[in-house]
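Since the structure comes first, as structure tokens, the remarks are kept for the end.
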Amino acid sequence: MSEVSMGGFQNKDDTLHLTADEDYYEWWYLDARFDNGYACVATFHWVNAFIRPHIPTVQLFIYTPEGKRYVGMAAVDKKDCSSGPDQCDVKMGKNFLRQDGETYTYSMHAQKIGAELTYHRRIPGWKQSGTGLLYDEGGKKQGWVIAAPRSDVEGTLYIDGVAVPVKGRGYHDKNWGDSNMYDCFRGWYWGRLYDPKFTLIYYWLYPVDKKAPVISRLLLAYENKPILITNDYDLKVEKEEPCSKFGKNLPVKIVVKSKENSRVKFHCELVTTEVKERDQLPKISEWDQYHWRFLGDHKIKATIDGKSVESEGKAIHEHLTFRPFP
Numbered sequence: 350m351s352e353v354s355m356g357g358f359q360n361k362d363d364t365l366h367l368t369a370d371e372d373y374y375e376w377w378y379l380d381a382r383f384d385n386g387y388a389c390v391a392t393f394h395w396v397n398a399f400i401r402p403h404i405p406t407v408q409l410f411i412y413t414p415e416g417k418r419y420v421g422m423a424a425v426d427k428k429d430c431s432s433g434p435d436q437c438d439v440k441m442g443k444n445f446l447r448q449d450g451e452t453y454t455y456s457m458h459a460q461k462i463g464a465e466l467t468y469h470r471r472i473p474g475w476k477q478s479g480t481g482l483l484y485d486e487g488g489k490k491q492g493w494v495i496a497a498p499r500s501d502v503e504g505t506l507y508i509d510g511v512a513v514p515v516k517g518r519g520y521h522d523k524n525w526g527d528s529n530m531y532d533c534f535r536g537w538y539w540g541r542l543y544d545p546k547f548t549l550i551y552y553w554l555y556p557v558d559k560k561a562p563v564i565s566r567l568l569l570a571y572e573n574k575p576i577l578i579t580n581d582y583d584l585k586v587e588k589e590e591p592c593s594k595f596g597k598n599l600p601v602k603i604v605v606k607s608k609e610n611s612r613v614k615f616h617c618e619l620v621t622t623e624v625k626e627r628d629q630l631p632k633i634s635e636w637d638q639y640h641w642r643f644l645g646d647h648k649i650k651a652t653i654d655g656k657s658v659e660s661e662g663k664a665i666h667e668h669l670t671f672r673p674f675p
């Protein structure tokens with residue numbers, strides 16, 4: 350299997366992209382699913398795009414195997430925030446995220462919960478567009494790089510003073526922009542799927558202009574080696590159910606598969622097992638905006654160098670709507 354390009358990712362792509370624009374935002378995102386059934390998501394918002402005014406915040410979610418959900422969020426004084434210029438080295442109050450070679454370590458504590466985790470990167474950083482920009486139209490820019498598409502993760506979660514040792518797999522990316530996301534996108538589907546053999550990351554973004562094509566990209570890796578990067582694939586929401594809170598249709602089953610002319614053939618079915626977040630975002634626009642986060646199971650079949658390979662595993666995936674959708 351021939352090598353694929355990861356887009357020229359450099360460690361400095363995972364640092365600040367400051368602008369003076371009023372609507373500038375930036376965040377570092379990390380998630381993980383663990384062998385003991387726990388999962389967590391952490392976001393270091395240098396300035397939070399989803400509240401106004403945009404201020405620094407940290408946000409942590411912990412999900413237990415019994416189905417419990419714990420959330421911690423805290424505002425941070427701007428003077429207590431710093432970021433290094435050459436690689437990921439961010440500090441927000443007592444919370445931090447630091448890179449050391451192929452390792453990322455973070456500590457975040459808020460509202461009686463915490464996470465202290467180390468990520469050992471197994472797949473190189475991915476600069477999906479080659480420029481770092483998802484969107485660059487009409488003077489508006491939206492950036493996204495995936496600094497650690499897959500990592501082995503270990504450390505400790507804290508819930509009301511109780512320490513929970515964890516070990517599993519995780520993901521880390523970086524988003525920024527000089528304008529509101531709702532001025533560029535109507536919404537998106539995004540997911541990352543891990544199993545013992547495969548890593549699959551996809552996104553499917555709908556521009557504000559309904560006549561514009563979907564912005565999509567997919568990474569498929571086998572045994573931690575990227576084997577396919579493409580925007581020419583199919584994504585179909587095969588089954589939907591209404592959100593119990595808002596009545597909006599949510600993806601229950603998503604099929605992601607290669608097209609006939611793909612040099613790597615694959616077929617993946619992603620089934621939502623739990624809806625962990627059902628959020629109406631703070632009112633920063635004339636219309637309502639929503640965010641959902643899901644835990645899921647997946648099964649994948651692929652043909653690699655003429656050999657058929659099957660596997661199954663766990664996923665975290667999301668659906669956001671910034672404007673009336675689809």
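Using this note's numbering, read the sequence shown as starting at 350 and increasing by one per residue.
Glycine included, each C-beta is placed from N, C-alpha and C at the ideal position.
This one's a predicted model, so the numbers in the text were calculated from it and none came from an experiment.
Beta-bridge pairing of residue i - partner residues as DSSP gives them
i           : result
residue 647 : 619 and 662
residue 473 : Answer by DSSP bridge pairing: none, since residue 473 is not bridged.
residue 492 : 482 and 525
residue 628 : 640
residue 389 : 381 and 411
Candidates the options: closest to residue i by CA position
i           : options               : result
residue 507 : 496, 488, 526 and 457 : 457
residue 471 : 647, 462 and 521      : 521
residue 614 : 621, 474 and 605      : 605
residue 618 : 655, 660 and 612      : 660
residue 422 : 407, 593, 356 and 514 : 407
residue 561 : 484, 630 and 523      : 484
residue 380 : 672, 371, 504 and 637 : 504
residue 623 : 566, 512, 416 and 365 : 416
residue 496 : 654, 373, 538 and 377 : 377
residue 538 : 426, 641, 460 and 609 : 641
residue 357 : 468, 644 and 479      : 479
residue 565 : 628, 403, 573 and 477 : 477
Same chain, Cβ closer than 8 Å to residue i, neighbours up to 5 away in sequence not counted
i           : result
residue 414 : 385, 386 and 387
residue 588 : 600, 601 and 602
Where residue i sits in the DSSP three-state scheme
i           : result
residue 360 : helix
residue 453 : strand
residue 428 : helix
residue 681 : Here the chain has residues from 350 to 675 only, and residue 681 is not among them.
residue 501 : strand
residue 355 : coil
residue 583 : strand
residue 373 : coil
Same chain only: Cβ atoms within 7 Å of residue i, ignoring 5 sequence neighbours per side
i           : result
residue 532 : 489 and 557
residue 445 : 439, 455 and 456
Residue i versus residue j - alpha carbon distance
i           : j           : result
residue 409 : residue 501 : 19 Å
residue 595 : residue 632 : 15 Å
residue 598 : residue 450 : 42 Å
residue 430 : residue 611 : 45 Å
residue 637 : residue 463 : 31 Å
Same chain, Cβ closer than 6 Å to residue i, neighbours up to 5 away in sequence not counted
i           : result
residue 584 : 553 and 605
residue 577 : 569 and 613
residue 448 : 436 and 437
residue 567 : 551, 579 and 582
residue 360 : 436
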